[in-house]
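Number of protein chains: 2
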Amino acid sequence: MPLRQADVLAAAVALLDEVGLDELSTRKLADRLGVRPGALYWHYASKQALLDAIAEQVLTRMAADLPDTGDWAERLRAFGHGLRRAMLARRDGARLISTMNDVSPLMMDGFTQMVDMLCAAGASFEGAVAGVDAVTSFVNGYTLEEQARKVGRVPREFLDLGFATGLDIVVAGLQARVMPPGA
Amino acid sequence: MPLRQADVLAAAVALLDEVGLDELSTRKLADRLGVRPGALYWHYASKQALLDAIAEQVLTRMAADLPDTGDWAERLRAFGHGLRRAMLARRDGARLISTMNDVSPLMMDGFTQMVDMLCAAGASFEGAVAGVDAVTSFVNGYTLEEQARKVGRVPREFLDLGFATGLDIVVAGLQARVMPPGA
DNA sequence: ACCTGAACACCGTTCAAGT
DNA sequence: ACCTGAACACCGTTCAAGT
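As given, the protein sequences belong to chains A and B, one line each in that order. Going by the UniProt record's numbering, the first sequence opens with residue 1, and the numbers climb by one from there. Going by the UniProt record's numbering, the second sequence opens with residue 1, and the numbers climb by one from there.
Structural data, given as structure tokens:
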């Protein structure tokens, strides 16, 4: 039976996990699908479009468990942890997300949801935007680095602890700079 | 006269600014130097070695103006601003630095200098490391994103303000979580 | 010491033509 | 609708041989 877009995407995700982003080529993907390289272009307009689709799929994990209980700090931390978890779930996930040309719709969604949440908790709009931006920048920066420098060098437990501590620091910064005294 | 390593490096930096990281090829570089592609491999062992050399050069700017006056917060902010400035000084500078396989010695230097400084100001070693890591992760994440999403879309003034605000938030988090009450 | 010539093993993408 | 065949314009890298 003929290929569908979903088949191409699934094979691409599997190939990414096996060979990594640098070695992910359209020709290898075509091989794996038993098809000529040109055939892929019937399903996706370009390699970049395919990478965008992979990125979007990676982020569905994050969107799935966006927090809806707890105070603003707990929710923000859950957002940060969820974003990192989604990126770590696939090889080179952080680089894939961070270097997409356009921001993913799912990412935008999560971002604005957090901004709204902080505003509801008493933050100004500008403060909320700066705060969520600080959190996402930190998460992207941290996860990108831990995933790029080869995974075995530092035990995962330390990386997790370092992340949690850093995220705590950023959230404490929000407490001090953008949230009202009582929140 | 024959080429020296410094000539190759200088041409590579110039080419990077003109065409960007994705379009920077050894063959274009060889063309520009009036030489065959293979000739480059006498001067650098691989393209990656050349990219590492460019990255190191980008970071000398940062190392040059590491702060040595002011309280810990001012110095930490100056470190963050200097790191961003160095990355923004070259096209795709953030991606170049953030996706190097090994951390640059200059980066390590700046990192440990900041850790020592925070310890001298009263922080625990673990706290200082987590704090500096939070700052660098934020700076890398923010700068990577602002430089990747095409430069014209948001006025530079807004990007600068967003960065300064985010950095303030992170530093305020250090104040709350890793520095002693009086510092 | 420094570079050429020439190759090797790859890339992403296009497009007429087939089925 | 979906794919082949075949090409086009590229890559990074190696290495004998030249000067």
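Don't be surprised by glycine CBs; every beta carbon is placed ideally from N, CA and C.
Item: So F138(B) contacts chain A; which residues on that side make the cut at Cβ distance below 8 Å?; Value: A134, S137, F138, G141 and V170
Item: Q147(B) and D92(B) - do their beta-carbons sit closer together than 8 Å?; Value: yes
Item: In angstroms with no decimal places, state the Cα-to-Cα distance between V135(B) and G166(A).; Value: 9 Å
Item: Mind checking which residues open and close the alpha helix (DSSP H) that includes P105(B)?; Value: P105 to A120
Item: Is V115(A) close to chain B, meaning its C-beta is less than 8 Å from at least one C-beta of that chain?; Value: no
Item: Using beta carbons (cut-off 8 Å, strictly below), is Q175(A) in contact with chain B?; Value: yes
Item: Check whether chain A comes within 8 Å of L40(B), counting only Cβ atoms and requiring the distance to be less than that.; Value: no
Item: Going by beta-carbon coordinates alone, are M179(B) and G110(B) separated by less than 8 Å?; Value: no
Item: I think V129(A) touches V139(A), with their Cβ atoms under 8 Å apart; what is that distance to the nearest whole Å?; Value: Not quite, the Cβ-Cβ distance comes to about 16 Å (not below 8 Å), so this is no contact.
Item: Pop quiz: Y142(B) and S137(A) are said to be a contact at Cβ under 8 Å. What is the actual Cβ separation, rounded to whole angstroms?; Value: 4 Å
Item: May I ask which residues mark the beginning and end of the alpha helix (DSSP H) holding G80(B)?; Value: W72 to L88
Item: To the nearest angstrom, report how far apart L33(A) and D52(A) are at their CA atoms.; Value: 19 Å
Item: Listing by chain order, which chain A residues have their CB less than 8 Å from the CB of V178(B)?; Value: I169
Item: Alpha carbon to alpha carbon, what distance is there between T60(A) and R4(A)?; Value: 20 Å
Item: Taking the C-alpha atoms as reference points, what is the distance between I97(B) and G182(B)?; Value: 36 Å
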